[in-house]
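Structure record follows, encoded as structure tokens.
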Amino acid sequence: APPGGSAGRDTTDRSALDVGTTAKLSLRSVQKAFGDNAVLRGIHMDVAVGEMICLIGASGSGKSTLLRCINQLESIDEGAVLLDGQDISEPGLDLGPVRRRIGIVFQSYNLFPHMSALENVLLAPRRVLRRDSTAEAEALFDRFGLAEHMRKYPDQLSGGQQQRVAVIRALAMQPEIMLFDEITAALDPELVGEVLNVLRQLRAEGMTMILATHEMGFARELADSVCFMDGGVIVEQGPPERIFTAPKVARTQAFLRSVL
Ligand code: ADP
Ligand code: MG
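Using the numbering used here, the letters of the sequence shown map in sequence onto residues -6 to 253.
Right under this line is the structure:
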């Protein structure tokens, strides 16, 4: 095995994997299995600065696993994840900086109930960056229209407001890329719009974003590129207009027929 390689992970072709990318984030032949369940079976993706990519596909197609492999919440079995050309999936790498640079927000927002919204947001910067970022946090609440709510506790906020606080909490680490995993899926329908508006605003501000979403209208309106996943591969990727109106692959057509 090459120096620095680890068991269970083929690192022999590593040098061949990271040539010639100018993308902010690149996935090269990413594979991930849980036991004998091959969940990601060779994912290729390039994400440019300021780009918004939407992952669509049926439940179980591998969207969440892909997002978790991007910010190294899961280790990958094969391939590489490159951030600014640097392999962040290399075994043994210090993951703290990686997870600061790539933020993630989940469907379940999991705010600490005994802390105000503002305290929830200040927690990670205080622990990890070892500094008081109250002014920056207040500016974030202001920017996303939540200034009047920042002293409230989670149970005094609607689900939509709590999810917006969770987004602010991730932004407080000043990430370069944001991942969103079905962040509106648990919300009452009338609360979905306010959370999508936060994403809309982030996109307009130039944030690089990858979203797993069931909000097809949103993906169609705002994505630069839509990836349809099925069985752990990206079956088809393209601009939303084409994917939604003229999908080329039968599996994409069938999926869209079932959801639109
Ligand atoms: P999606 O987000 O598209 O619904 P997931 O990535 O959650 O898909 O799941 C893809 C497959 O991976 C499913 O078969 C799921 O059961 C499996 N899976 C996901 N996470 C784990 C895990 N931690 N351990 C074992 N299997 C998992
Ligand atoms: Mg999922």
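Where is the CB? At the ideal position from N, CA and C, for every residue including glycine.
Identified DSSP bridge partners for residue i
i, result
"Gly231", "Val219"
"Ser19", "Asp39, Leu75"
"Leu204", "Cys47, Phe173"
"Lys25", "Leu33"
"Gly96", "Met171"
"Val226", "Asp223"
Nearest neighbour of residue i, chosen from the options [CA to CA]
i, options, result
"Thr201", "Arg136, Ala31, Leu76", "Leu76"
"Ile176", "Lys25, Cys47, Pro84, Arg21", "Cys47"
"Leu290", "Leu184, Asn113, Leu180", "Past the edges of the chain, shown from -6 to 253, lies residue 290, and the structure says nothing about it."
"Ala117", "Arg136, Ile161, Val188", "Ile161"
"Gln230", "Tyr146, Gln194, Ile49, Gly85", "Ile49"
"Val91", "Glu208, Pro168, Val219", "Pro168"
"Leu195", "Ala247, Ala73, Ile170, Arg120", "Ile170"
"Gly304", "Ile36, Arg136, Arg21", "Outside the modelled stretch of the chain, which goes from -6 to 253, sits residue 304, for which no answer is possible."
"Val188", "Phe221, Ser151, Gly199", "Ser151"
"Cys62", "Val32, Val42, Ala51", "Val32"
"Phe99", "Thr206, Val242, Phe211, Thr238", "Thr206"
"Met38", "Leu59, Phe27, Phe248, Leu115", "Leu59"
"Arg120", "Gly89, Ala128, Pro106", "Gly89"
Near the ligand MG: residue i beta-carbon under 6 Å from a heavy atom
i, result
"Ser57", "yes"
Cβ pair residue i, residue j closer than 7 Å
i, j, result
"Asp217", "Met108", "no"
"Arg93", "Met166", "yes"
"His142", "Gln155", "no"
"Lys17", "Ile69", "no"
"Leu139", "Arg124", "no"
"Val226", "Arg34", "yes"
"Ala178", "Lys145", "no"
"Leu215", "Phe173", "no"
"Gly55", "Met222", "yes"
"Val228", "Arg244", "yes"
"Val74", "Leu20", "yes"
"Ser22", "Gly72", "yes"
"Val256", "Phe137", "Look at the range of the chain in this structure, -6 to 253, and you will see that residue 256 is not part of it."
"Ala159", "Tyr102", "yes"
"Gly96", "Gly199", "no"
Residue i Cβ short of 6 Å to the ligand ADP heavy atom set
i, result
"Val32", "yes"
"Ser251", "no"
"Phe211", "no"
"Gly199", "no"
"Gly85", "no"
"Gly53", "yes"
"Phe27", "yes"
Exercise for the section: Would you list, in sequence order, the uninterrupted alpha helix (DSSP H) runs of no fewer than 4 residues that lie entirely inside the segment 52 to 87? Expected result: 56 to 63
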